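Visitor:
Residue numbers (this note's numbering): 3 to 397.
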């Protein structure tokens, strides 16, 4: 891969500045997410909650507003994934690394504050520049000690560095033109691991650390989205029907938690991780499904309290979130086994079909919530034993 000479000169400069990489844990060492990583994750979850806060559970957002929310989700979640992949391969945990991660956390905080006013404000792009800039500096540190990593660093530095320059350039243009530049930069970054997969395969991720990191982020996000249910229930003397609705709505994330933790605890995907790209790509839409499901459930509970029918856009988000989660579950099952068992496929197809029909046909929020809750609970009851069975058969 070209560009090694330029990266070499940069790495020498980094070394001369006293930023040399001291070495990190071996891939065969037992590892778990650090306290610093969890702190970093929590700030990003707050940024993602800001995405759904733009939509408001008391209003019916337009298709354009929903599209902006989805793009913001991809942007924030992708910036988090970049750091998680670095941590799973390296993570020296020295003083400078901690300072760089804390600086990136400040950048994530700026993104959080910038989400409500994007694209007009500067906090979001400045925050993103800080997060990505810290990550690129971390990769340059690696080159000072591990010359075998130059191809991996070249892939990320070429793609993410190009995206960083586009983000920096967007600061100088009008707010109306920024989204086009941001989407271009994001597309380049999303394609980077795929285009560089030939080189990234030479550098496998940690087989237990990455699944744990992605899993913890998913669970934190799953719990955080319950704030939408809390906000939909009046704080003073809530009607009984609203409280019952909130409890029924809780069954959906609880069912997702049950299925997902069963899958993660099975460790079915561990032997197949490789460079981790496929596993991470499947978690991205799964996380979006969790995030927007929380918002849609907040709308359902609120509309029940107002005795009104469900807005079409909210129903589409509810059904789309459930369908996306089920599709990602099928993808994760296939990723782990290399194939999709026939029974698992049939159950998934039936679940997806029912979710689509229910959310398109049913407009009464009480009935819609009852049917979707029953669907997810039944899905968990059927799918979880299938995962356990696949684990026993795999072993």
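Ideal Cβ placement from N, Cα and C applies to all residues, glycine included. As the structure is a prediction and not an experimental result, all values here were calculated from the model.
Measuring CB atoms only, is the stretch 61-68 touching the stretch 238-246, in the sense that at least three cross pairs come out at less than 8 Å?
Guide: They do not touch, by the three-pair rule.
Visitor: Check the C-beta distance from residue 367 over to residue 306 and give it rounded, since I have them as a contact under 8 Å.
Guide: That belief holds up - the Cβ atoms of residue 367 and residue 306 are roughly 5 Å apart, short of 8 Å.
Visitor: Could you tell me the alpha carbon to alpha carbon distance between residue 342 and residue 352, rounded to whole angstroms?
Guide: Rounded to the nearest angstrom, the two C-alpha atoms are 15 Å apart.
Visitor: Roughly how many whole angstroms lie between the Cα atoms of residue 109 and residue 133?
Guide: The alpha-carbon atoms of residue 109 and residue 133 are separated by roughly 5 Å.
Visitor: Taking 8 Å as the threshold, find out whether the stretch 265-272 comes into contact with the stretch 375-390 through three or more Cβ pairs.
Guide: At 8 Å Cβ cutoff, the stretches touch.
Visitor: Thinking C-beta only, is residue 224 closer than 8 Å to residue 259?
Guide: Taking 8 Å as the Cβ cut-off, residue 259 and residue 224 qualify as a contacting pair.
Visitor: Measure the alpha-carbon distance for residue 382 versus residue 261 and round it to whole angstroms.
Guide: Between residue 382 and residue 261, the C-alpha separation is close to 6 Å.
Visitor: Specify, as a first and last residue, the run of the alpha helix (DSSP H) that residue 208 falls within.
Guide: Element bounds for residue 208: n/a, residue is neither H nor E.
Visitor: Check whether the Cβ atoms of residue 247 and residue 303 lie closer than 8 Å to each other.
Guide: The answer is yes: Cβ separation under 8 Å.
Visitor: Below 8 Å, how does it come out for the stretch 320-336 and the stretch 271-290: are there three or more Cβ pairs, yes or no?
Guide: With a cut-off of 8 Å, the stretch 271-290 and the stretch 320-336 count as touching, because enough Cβ pairs lie within range.
Visitor: Where does residue 273 sit, in a helix, a strand or coil, going by DSSP?
Guide: Reduced to three states, the DSSP call for residue 273 is helix.
Visitor: Pick out the complete alpha helix (DSSP H) segments inside the stretch 280-307, 4 residues or longer, and give them in chain order.
Guide: You should have found no qualifying run.
Visitor: Taking DSSP as the reference, what is the three-state secondary structure of residue 268?
Guide: Helix at residue 268.
Visitor: Consider the Cβ of residue 69: report whether some Cβ of chain B lies at a distance smaller than 8 Å.
Guide: No chain B is part of this structure, which consists of one protein chain only.
Visitor: Can you grab the Cα-Cα spacing for the pair residue 92 / residue 222, in whole Å?
Guide: Going from the Cα of residue 92 to the Cα of residue 222 covers about 23 Å.
Visitor: Any idea what DSSP makes of residue 335, helix, strand or coil?
Guide: If DSSP states are grouped into helix, strand and coil, residue 335 belongs with the helices.
Visitor: Taking the alpha helix (DSSP H) that residue 86 falls in, what are its first and last residues?
Guide: From DSSP, the alpha helix (DSSP H) with residue 86 extends over 65-91.
Visitor: Measuring CB to CB, does residue 80 end up less than 8 Å from residue 191?
Guide: It is a contact, given that the beta carbons lie within the stated cut-off.
Visitor: Is it buried or exposed for residue 3, if we count other Cβ within 10 angstroms and need 16 for buried?
Guide: A caution first: residue 3 carries a pLDDT of 49, below 50, which makes its placement in the model unreliable, though a value can still be read off. That one is exposed.
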